[in-house]
Structure formats: C-alpha cells, structure tokens
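Undergrad:
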Amino acid sequence: MGELLIRGDNPLSGEVKIGGRKNSAVAVLPAVLLAEGTSRLENIPAIRDVATYSRIISTLGADVGELRGGVLKIDASRLNPDVPPLELVKQIRASYYLVGALLGRFGYARVGLPGGCEIGQRPIDQHLKGFKSLGAEVSLEHGEVIAEADKLVGSHIYLDVASVGATINIMMAAVLAEGTTIIENCAREPHIVDVASCLNSMGARVVGAGTDTIKIHGVEKLKPGEHAIIPDEIEAATYAIASAATGGDVTLQNVVPKHLESVIAKLREAGIEIEDNGDWIRVISRDRPQAVRVKTLPYPGFPTDAMPPMMVLLSVAEGTSVVSEGVYESRFNHVDELQRMGTDIEVQGRTAVIEGVENLYGSSVKASNLRAGAALVIAGLVAQGETEVGDIEHVDRGYEFLPEKIRAMGGDVRRRQQSEETAAEEGEECARVVNLGQMQSAHGNG
Ligand code: EPU
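Note that the sequence shown covers residues 1 to 446 in the working numbering.
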C-alpha cells in the first residue's frame with residue numbers, strides 16, 4: 001500500500017483543470033458494450049477505477065485501447081457474456097453495471113457482487129427489482145447475480161429509493177427491451193443525464209434523464225457511440241474545499257458550476273468568496289471560514305461524496321458546525337483519523353458536531369475509502385508539520401494525478417520514496433497530459 005507525504009500550512013493558489021466524472025466514466029464503459037463495433041469516449045479520467053473496468057471488460061472480449069489524452073476507444077464486437085473475474089469485480093462498485101449491459105445485449109449475465117467504498121450497507125435490491133420487472137429471471141447464488149431473459153419487455157418501475165446505480169443499470173437493460181419502460185423516483189444526478197446522452201448517441205431513445213421520471217423507448221439495435229463525459233463535480237468540490245480550507249485562491253477550470261450549486265452555496269455561507277464564470281470558478285478564502293450546517297442529500301442536495309472533505313474545512317472554521325449524512329448509514333469513518341490531527345468532532349449516529357479549532361497538526365493517518373482519503377489529504381494541506389496518508393490506493397481509484405495537480409497549485413505533496421527529481425518529471429508529464437500549461441496561458445487570472 002502506498003503513502004502520500006504532505007507538508008502543510010500553505011495556501012493553495014493558481015489553477016487546476018478538472019478531469020472527467022469518475023461515476024460517469026465507470027457507467028459509460030459498460031454502456032458502450034451494448035453495441036457491436038468501436039465506440040469513442042472522451043474526457044475519460046486516468047484513475048484506477050477506469051483501469052480496473054478496462055481490465056474487467058477485456059476479460060469479456062472487449063478490445064480496449066490505450067487511454068490517451070482522455071480518449072478511450074472500445075471495440076465490443078467480440079464481447080461475450082462470460083463471468084468476469086471476481087477479484088477484479090470486487091475492487092469497484094460500478095461492476096454492477098455489467099449486469100444491465102450484458103443482460104441488455106445477450107439476455108444473460110452472471111456477475112459477482114460488487115465491492116467499492118465501505119460506507120455502510122449498499123444493497124442492490126432496486127437494480128434486481130428493475131431487471132425482474134423487465135421480464136428477467138434473477139437470482140443471487142453464492143455471491144453472484146445471475147440474470148436471464150429470452151427477451152426483455154418494457155415495464156413500469158417505481159424505485160423505492162432514488163438510487164443512482166439502479167437508475168442507470170435499469171436504463172442500460174431497458175434500451176434494447178421491447179416497448180417502453182418508465183422508471184419513476186429516479187435519481188437525478190448529472191451523470192445520469194450523461195449516461196443517457198451516451199446511450200442516445202448510440203441510437204437509444206431515453207428521455208427525461210435528470211428528472212424523477214425517465215422513459216426509455218426500446219430499440220432493436222444500437223450502433224457504437226461517440227461521447228465526451230462531463231467534468232467531475234466531486235473532484236471540483238474537493239479542490240474548491242482544499243482552496244477554502246488552506247486560505248487559498250484557486251481557479252478551477254473545466255467545471256459545470258450548475259452541478260456544484262449546493263457546494264458553492266455552502267462555501268459562500270461559510271464566508272468563502274466564489275467567482276463563477278460559466279465554465280470556471282475561482283475560490284478565494286480571505287478570512288477564517290465560519291461554521292455552517294450541512295445535510296447531505298441526493299442531487300441537487302449537498303453531495304455525500306463531498307461531505308468528508310467539507311468536514312475538514314469546518315474543523316478549522318470559527319464556531320460549531322453540524323453535519324448530517326442523509327444518504328449512507330455510516331460515512332464518518334474518516335473522523336477517527338482526523339482526530340489524530342487535532343480536530344474536535346463528535347459523531348452521534350448519522351450526525352457529526354464539529355467544534356472548529358484554530359490549527360491542525362501533521363500525523364500519520366490511513367485512508368479507509370476514496371473520499372475519506374481526499375479529506376485526509378486536505379487535512380494534511382491545512383495542518384502544521386508533516387502528514388503521512390497511508391493506503392493511498394483508495395484515493396487513486398478516483399482522483400487523477402492528485403499529487404501532481406496539488407503541486408501545480410503550490411502544495412507540497414509527494415508519494416513516499418518519490419525523489420524530488422521524479423516528482424518534478426511527473427509534474428511535467430501531468431501538466432502535458434491535462435494541459436495545465438495551455439490552461440494557465442489561456443486564463444492567467446488565477
Ligand atoms: N440503495 C438501496 N437499494 C439499492 C440501491 C441503493 O437501498 O438497490 C440505497 C443505498 O444503500 C444508499 C442509497 O440507496 O443508502 C443511495 O445509493 P445509490 O444506489 O444512489 O449509490 P450507488 O449507486 O451505490 C453511487 C456512486 C457513489 C455515490 C452514490 C450517491 C458510483 C459507482 N458510485 O453509488 O459514489 O456516493 O451514488 O451519489 O456511481 C464515490 O464516488 O465516492 C461514491 C461512493
């Protein structure tokens with residue numbers, strides 16, 4: 001397991017370019033498997049979950065090209081509905097989309113139960129209910145989902161919880177079903193709209209994505225797709241909060257401010273200045289932030305995935321903040337590690353009460369999941385002294401070039417045993433790949 005070493009107490013400044021949305025990427029990779037031929041995806045982030053997904057679908061016969069400058073080509077002509085290797089399937093959450101995609105294309109899927117971040121119970125009953133409603137026989141045997149259908153037939157499905165995964169998974173299975181499917185009480189996250197656009201670029205007829213009712217008019221066949229995925233609002237929220245928490249001044253390029261509305265509103269409420277210019281935002285922290293109340297909710301509410309980073313900002317805010325988690329039953333497992341760095345947080349059930357302190361101090365901590373890891377990195381940037389964040393693989397699952405992007409904003413972050421020289425080389429490579437150089441000259445107002 002790798003570690004990041006961070007020397008903190010240093011405001012971030014300058015610019016950062018936000019990559020493609022992780023949770024869109026891990027849904028469009030299986031979505032393009034619904035058609036024979038080569039699909040072309042753009043703005044795919046260079047993260048571990050994409051690498052894992054690519055490996056999984058390669059084992060099913062997909063020909064996955066090299067990810068270059070965000071472009072990924074996938075030829076699904078020789079795809080077959082084999083059982084993907086469990087050791088890979090367990091590494092990510094989004095492997096559950098293989099059930100929808102394989103069932104849609106072949107009428108058969110056998111996939112092990114997914115893994116992903118340990119943040120409370122994460123059942124997939126709503127996914128299975130949807131497949132059954134489309135006419136599939138679905139069973140759970142020895143930790144595998146087996147779904148089979150001679151043909152899928154459109155149906156009317158009401159989701160008991162507005163689940164992101166279930167909405168997308170049912171949409172994938174339904175695009176090739178006979179007749180019309182209506183999904184009600186859908187999740188409305190921006191990447192649901194993104195996946196629907198990708199499917200529509202392949203000839204699907206999905207309408208209403210982004211509202212709580214989606215209609216899918218089944219078609220007989222899909223063609224390969226061409227699709228550029230949306231920017232990652234959680235990566236953007238993470239760097240916005242990092243700028244705010246370090247007393248920084250950072251411009252985030254390649255964002256959709258509309259997708260960040262709840263985060264921007266909360267940061268403003270905490271006294272952070274935000275300039276919004278349509279496709280970039282500038283986050284300036286002039287004074288100590290003020291305590292606020294935060295409740296996480298499905299989109300357009302405050303995102304649960306941005307909550308752990310937000311708690312770091314509130315840990316150094318003036319006053320007492322209250323954070324309530326409205327999506328998962330337990331998502332405070334970063335708190336024990338934050339306490340080692342001097343925070344004052346009391347957790348009771350799904351609520352955390354945070355007494356703001358003036359300073360954090362460096363410590364040796366471990367990432368227990370992706371967003372917990374991101375929170376610890378921000379805490380390290382805020383803290384006096386040196387912080388070591390262990391098990392950094394969790395963070396690599398969802399943040400591309402994280403140390404390099406932070407170094408480009410003046411933060412002092414490196415992987416353990418990474419010499420100054422390699423760090424500099426990687427920084428240059430990152431600047432080339434994510435086009436930081438060009439970005440800086442185009443918008444030199446950072
Ligand atoms: N739920 C059910 N039954 C289901 C599905 C979900 O009860 O069949 C419950 C869950 O237990 C949870 C709530 O519904 O309490 C929401 O779960 P949802 O299905 O919306 O989440 P997910 O699809 O498992 C995705 C993201 C998460 C993100 C959530 C909420 C992916 C791969 N993961 O998870 O991302 O937190 O939506 O927005 O898309 C992350 O990126 O760090 C991450 C955890």
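Glycine residues also receive a C-beta, built at the ideal position from the N, C-alpha and C atoms. None of these values were measured; they are calculated from a predicted model.
#1: Could you check what DSSP says for His-156 in three-state terms: helix, strand or coil?
#2: Short of 7 Å in beta carbon distance, which residues of its chain neighbour Glu-36, apart from the five on each side in sequence? Order them along the chain.
#3: In terms of residue numbering, what span does the alpha helix (DSSP H) encompassing Arg-371 cover?
#4: Leaving aside the five residues before and after Pro-81 along the sequence, list all residues of the same chain whose C-beta is less than 8 Å from its C-beta, in chain order.
#5: Which residue comes first and which comes last in the beta strand (DSSP E) that contains Thr-251?
#6: For Asn-10 and Arg-21, I'd like the C-alpha separation in whole angstroms.
#7: DSSP on Lys-17, reduced to helix/strand/coil?
#8: Is Glu-429 helix, strand or coil when you go by DSSP?
#9: Could you name the residues of the same chain whose beta carbon sits closer than 6 Å to that of Glu-463, not counting the 5 residues immediately before and after it, in chain order?
#10: Per DSSP, what kind of secondary structure is Lys-73 in: helix, strand or coil?
#11: Gln-339 by DSSP, collapsed to three states: which one?
#12: Going by Cα to Cα distance, which pick from Leu-370, Val-365, Leu-79 and Gly-398 is closest to Glu-386?
#13: Can you tell me the Cα-Cα spacing of Ala-244 and His-394, whole angstroms?
#14: Can you list the beta strand (DSSP E) stretches of 3 or more residues lying completely in the segment 283-351, in chain order?
#15: If you draw a straight line from the alpha carbon of Val-255 to that of Val-145, how long is it in whole angstroms?
#16: Are the segment 293-303 and the segment 332-341 in contact at 8 Å, needing three or more beta carbon pairs?
#17: With hydrogens ignored, establish whether the beta-carbon of Ile-18 is closer than 8 Å to any heavy atom of the ligand EPU.
#18: Decide if the segment 303-310 is in contact with the segment 367-382; the criterion is three or more beta carbon pairs, one per stretch, under 8 Å apart.
#19: Could you tell me if Ser-330 is buried or exposed, where buried requires 16 or more neighbouring beta carbons within 10 angstroms of its beta carbon?
#20: Could you check the C-alpha separation between Arg-55 and Gly-390 for me, to the nearest Å?
#21: So, helix, strand or coil for Ala-149, using DSSP?
#22: Alpha carbon to alpha carbon, what distance is there between His-227 and Arg-407?
#23: Helix, strand or coil: which one does DSSP assign to Thr-167?
#24: Check whether the segment 232-246 touches the segment 198-205, counting contact only when three or more Cβ pairs, one atom from each stretch, lie closer than 8 Å.
#25: If you draw a straight line from the C-alpha of Gln-91 to the C-alpha of Ile-241, how long is it?
#26: Taking the DSSP output, what are the residues bridged to Tyr-361?
#27: Return helix, strand or coil for Ala-173, following the three-state DSSP convention.
#28: By how many angstroms is the C-alpha of Leu-88 removed from the C-alpha of Leu-128?
TA: Inspection of the coordinates gives the following:
#1: Position 156 of the sequence shown, counted from the start, is the residue given in the question as residue 156. DSSP places His-156 in strand when its eight states are reduced to three.
#2: Reading the sequence shown from its first residue, position 36 is the one you call residue 36. Once the five neighbours on either side are set aside, the close Cβ partners of Glu-36 are Ala-76 and Ser-77.
#3: Numbered from 1 along the sequence shown, position 371 holds the residue referred to as residue 371. Note, Arg-371: alpha helix (DSSP H), 370-382.
#4: For the purposes of this step, residue 81 is taken as the residue at position 81 of the sequence shown. Excluding residues within five positions, the ones whose Cβ falls inside 8 Å are Leu-60, Leu-102, Arg-105, Phe-106, Tyr-108, Ala-109 and Arg-110.
#5: Taking the first residue of the sequence shown as position 1, residue 251 is located at position 251. Unbroken beta strand (DSSP E) run through Thr-251: 249-253.
#6: Position 10 of the sequence shown, counting from 1, holds the residue named residue 10. Position 21 of the sequence shown, counting from 1, holds the residue named residue 21. If you take the alpha carbons of Asn-10 and Arg-21, they lie about 28 Å apart.
#7: Numbered from its first residue, the sequence shown carries residue 17 at position 17. Strand.
#8: If you number the sequence shown from 1, residue 429 lands on position 429. For Glu-429, the predicted model reports a pLDDT of 49, less than 50, meaning its position is unreliable and no value from the coordinates is stated.
#9: Nothing can be reported for residue 463, as the shown portion of the chain is limited to 1 through 446.
#10: Translated into positions along the sequence shown, residue 73 becomes position 73. Strand.
#11: Here the question's residue 339 lines up with position 339 in the sequence shown. Reduced to three states, the DSSP call for Gln-339 is helix.
#12: Taking the first residue of the sequence shown as 1, we reach residue 386 at position 386. Per the Cα distances, Val-365.
#13: Along the sequence shown, one-based indexing puts residue 244 at 244. Along the sequence shown, one-based indexing puts residue 394 at 394. Whole-angstrom Cα-Cα distance: 23 Å.
#14: 293-295, 320-324 and 344-348
#15: Locating residue 255 in the sequence shown gives position 255, where the first residue counts as 1. Locating residue 145 in the sequence shown gives position 145, where the first residue counts as 1. The alpha-carbon atoms of Val-255 and Val-145 are separated by roughly 37 Å.
#16: no
#17: Locating residue 18 in the sequence shown gives position 18, counting from the first residue. Ile-18 Cβ: outside cutoff for every heavy atom of the ligand EPU.
#18: yes
#19: In the sequence shown, counting from the first residue as 1, residue 330 sits at position 330. Exposed, because fewer than 16 other Cβ atoms sit within 10 Å of the Cβ of Ser-330.
#20: Start at 1 with the first residue of the sequence shown, and residue 55 comes out as number 55. Start at 1 with the first residue of the sequence shown, and residue 390 comes out as number 390. Each residue's Cα considered, the two are about 25 Å apart.
#21: Here residue 149 refers to the residue found at position 149 of the sequence shown. Reduced to three states, the DSSP call for Ala-149 is coil.
#22: Residue mapping note: residue 407 aligns to position 407 of the sequence shown, counting from 1. Residue mapping note: residue 227 aligns to position 227 of the sequence shown, counting from 1. In a straight line, the C-alpha of Arg-407 is about 31 Å away from that of His-227.
#23: Working through the sequence shown from its first residue, we reach residue 167 at position 167. Here Thr-167 sits in helix by DSSP.
#24: no
#25: Counting from one through the sequence shown, the residue named residue 91 turns up at place 91. Counting from one through the sequence shown, the residue named residue 241 turns up at place 241. Computed Cα separation, rounded: 28 Å.
#26: Numbered from its first residue, the sequence shown carries residue 361 at position 361. Answer is Gln-384.
#27: Within the sequence shown, the letter at position 173 stands for residue 173. Ala-173: helix per DSSP, three-state reduction.
#28: Residue 128 sits at position 128 when you count from the first residue of the sequence shown. Residue 88 sits at position 88 when you count from the first residue of the sequence shown. When rounded, the distance between both Cα atoms is 21 Å.
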